[in-house]
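Let me begin by presenting the structure, written as structure tokens, before commenting on it.
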Amino acid sequence: MKRNAFALLLLLATSASAAQLTRTEQKIVAAVDARLAADLSLLERSVNIRSATENLAGVRAVGDLFAAELREIGLKTTWIDMPPEMKRAGHLFAETGGTKGKRILLIGHLDTVLEGQPFVREGNSARGNGGEDMKGGDVIIIAALRALKDAGALDDRRIIVALTGDEEDTGQPLDVARRALIDAAKRSDLALAFEESVGDTATVARRGFTSWRLDVTATTAHSSGIFTESSGSGAVFELARIVNTFYEKLRGEENLTFNPSVVVGGTEITYDSAAKRGTAFGKTNVIAAKATAEGDLRFLTNEQRERTKSAMRAIVAASLPRASATITFTDEYPAMGPTAGNYALLKSLDQASRDLGYGEVPALQPSKRGAGDVSFVAPLLDSLDGLGSRGDGAHTSEERMDLESLPMLIKRTALLLYRLTR
Ligand SMILES: [Zn+2]
């Protein structure tokens, strides 16, 4: 008797949202609920494998753990090694190999910034390095795919899972490190990335970054002759002119920032770009002959990046007398711009969330999020990020995952995947 009354209550409690869902969608939701304990166990096991980016065996072990799960769901898995000199573990790719529906790329990563803090459950949350960022997101991918399979909704669909092994400290050169990811994007229609959720939002845009190096040379002479026609103003004034003009003319544009992070100048200088370290020598009575600076540039669209590069080059070219300078740019991460296609994906997620009886999903303000793996594919296809687990303290020893929201996040993803692949 008591049991029946409880069942009735449960039915009443879920009927409001269930009305928005088809029979198959209700089966998907039930399949998520049925697997929650197993998903939590998978999360715990993955967090307890130490997998900082430089721990190649650890990253591979997390890959093996997730690969076994993905194979069980019916995906074909491949491990992509990186060249040994890159000192990166490689990436796990998995593919359904179907023929129907939109082709979807799901992105996560296996590596973590820190390692050593094991999974410790504390009420509705859990401590543990790499739980929130982002083994929680990886488990959401796997759990959502499994729910689709259990509900008979994964058959003949086209899904690629890409779990990179070096997101937190990407191997160089980037075109080798991200070739497989970009190739997968070329065979897909849209990308969903599972970096941690920020509150109730999802991410339609991430700023990209480019690094720059400024090298100045100038005539050297006795300091008493500075500012004369024959001696000029020296390399240090020229470098100061350039970075100050960047500050005066380019600062303040929305979503654009740039920061000179290191400066070396004098009669003799050394600068090691890899180590980000340099030395300088210069007597007070000598005009500086050389100066070097490095810094970054962060932007919301690749158009903004190119426009800013042109403006910086023009400033650099307007040299002081007896000085000259060059600036070189290295594009690291492209921008994930806030495109209409990305907003359309957000709308689908928002609808899935509401139909499940959860709240609306607004867009995260773009400047709140730096570059990520999705940035490499966003120029090629519609993309949405921030679909992973909730928590706080990512990249610190205080990292904590919110476990209460996990079922909601898995259901939301499963429903979104189901609808996108019909
Ligand atoms: Zn991450």
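In the numbering used here, the protein residues as written are 887 to 1308. Note that beta-carbon positions come from the ideal geometry of N, C-alpha and C, so glycine has one too.
query                                                                                                                                                              : result
Beta strand (DSSP E) containing Arg1099: first to last residue?                                                                                                    : Gly1094 to Ala1104
Along the chain, which unbroken stretches of the alpha helix (DSSP H) at least 4 residues long are found entirely within the region 1030 to 1088?                  : 1060 to 1063 and 1065 to 1072
Is Ser1154 near ligand 1 - that is, is its Cβ less than 6 Å away from at least one heavy atom of it?                                                               : As written in the sequence, residue 1154 is Glu, which differs from the Ser given in the question. The answer is no for Glu1154.
Within 10 Å of its beta-carbon, does Asp1024 have 16 or more other beta-carbons around it, so buried, or fewer, so exposed?                                        : buried
Among the candidates Leu978, Arg974, Met972 and Lys973, whose CA atom is the shortest distance from the CA of Leu961?                                              : Leu978
Could you give the residue range of the alpha helix (DSSP H) that holds Ile1173?                                                                                   : Neither: Ile1173 is in no alpha helix (DSSP H) and is coded neither H nor E.
With a cut-off of 8 Å on the beta carbons, I'd call Val1127 and Met1222 a contact; round off their distance for me.                                                : Reading the sequence as shown, one finds Arg at residue 1127 and not Val. With a Cβ gap of about 34 Å, Arg1127 and Met1222 do not count as contacting.
Measuring only the C-alpha atoms, how far is Leu1250 from Lys1233?                                                                                                 : 13 Å
Should the region 1162 to 1173 be called in touch with the region 1059 to 1070, which here means at least 3 C-beta pairs below 8 Å?                                : no
Give me the DSSP bridge partner(s) of Met1222.                                                                                                                     : Arg1092
Run the CB neighbour count on Tyr1304, radius 10 Å, all protein chains shown included, and call it buried at 16 or more, exposed below.                            : buried
Hey, quick one: how far does the alpha helix (DSSP H) through Lys1297 stretch, first residue to last?                                                              : Leu1292 to Leu1306
Taking 8 Å as the cut-off, does the region 1235 to 1252 touch the region 1046 to 1053 (at least 3 CB pairs, one atom from each stretch)?                           : no
Under the rule that 16 or more other beta-carbon atoms within 10 Å means buried, what is Asp967, buried or exposed?                                                : exposed
Taking the beta strand (DSSP E) that Ser1145 belongs to, which residues open and close that run?                                                                   : In the sequence as displayed, the identity of residue 1145 is Asn instead of Ser. From DSSP, the beta strand (DSSP E) with Asn1145 extends over Thr1143 to Gly1152.
In this structure, does DSSP put Arg1286 in helix, strand or coil?                                                                                                 : strand
Nearest-angstrom Cα distance between Lys1195 and Ser927?                                                                                                           : 49 Å
Residues bridged to Phe1132 by DSSP?                                                                                                                               : For Phe1132, which the question treats as bridged, DSSP gives no partner whatsoever.
What would DSSP say about Gly1272, mapped onto helix, strand or coil?                                                                                              : coil
Glu1150 to Ala1280, Cα distance in whole Å?                                                                                                                        : Residue identity differs from the one stated: residue 1150 is Val in this sequence, not Glu. Approximately 33 Å between the Cα atoms of the pair.
Following the continuous beta strand (DSSP E) through Gly1164, name the residue where it begins and the one where it ends.                                         : Arg1163 to Phe1167
Check whether the Cβ of Met1020 lies closer than 6 Å to any heavy atom of ligand 1, and answer yes or no.                                                          : yes
Does the Cβ of Glu1001 have 16 or more other Cβ atoms within 10 Å, making it buried, or fewer, making it exposed?                                                  : buried
Can you find the residues in the same chain that come closer than 6 Å, C-beta to C-beta, to Asp1288, ignoring five residues on each side of it along the sequence? : Ser1011, Arg1276 and Gly1277
Can you tell which of Gly1009, Asp1055, Thr1214 and Arg1013 has the C-alpha that lies nearest to the C-alpha of Arg1286?                                           : Arg1013
Please state if the CB of Glu981 and the CB of Ile1046 are separated by a distance shorter than 7 Å.                                                               : yes
When the distance is taken between beta carbons, is Tyr1219 closer than 7 Å to Ala1257?                                                                            : yes
With DSSP run on the structure shown, which of helix, strand or coil describes Ala1211?                                                                            : strand
Looking at the secondary structure, which residues open and close the beta strand (DSSP E) in which Ile993 lies?                                                   : Lys986 to His995
Between Glu955 and ligand 1, is there a pair consisting of the residue's CB and a ligand heavy atom that are separated by less than 6 Å?                           : no
Who pairs with Tyr1157 in a beta bridge, going by DSSP?                                                                                                            : Gly1164
Between Ala938, Ala1039, Ile914 and Gly1017, which lies nearest to Thr1307 when the distance is taken from Cα to Cα?                                               : Ala1039
Going by CA-CA distance only, name the one from Thr908, Leu1231, Thr1212 and Arg931 that's closest to Gly1354.                                                     : The requested residue 1354 is not part of the displayed model; the chain covers only 887 to 1308.
Answer with buried or exposed for Glu1180, where buried requires no fewer than 16 other C-beta atoms within 10 angstroms of its C-beta.                            : buried
Which runs of the alpha helix (DSSP H) fall wholly inside the region 922 to 973 and span at least 4 residues, in chain order?                                      : 942 to 959
Between Glu1081 and ligand 1, is the CB less than 6 Å from at least one heavy atom?                                                                                : yes
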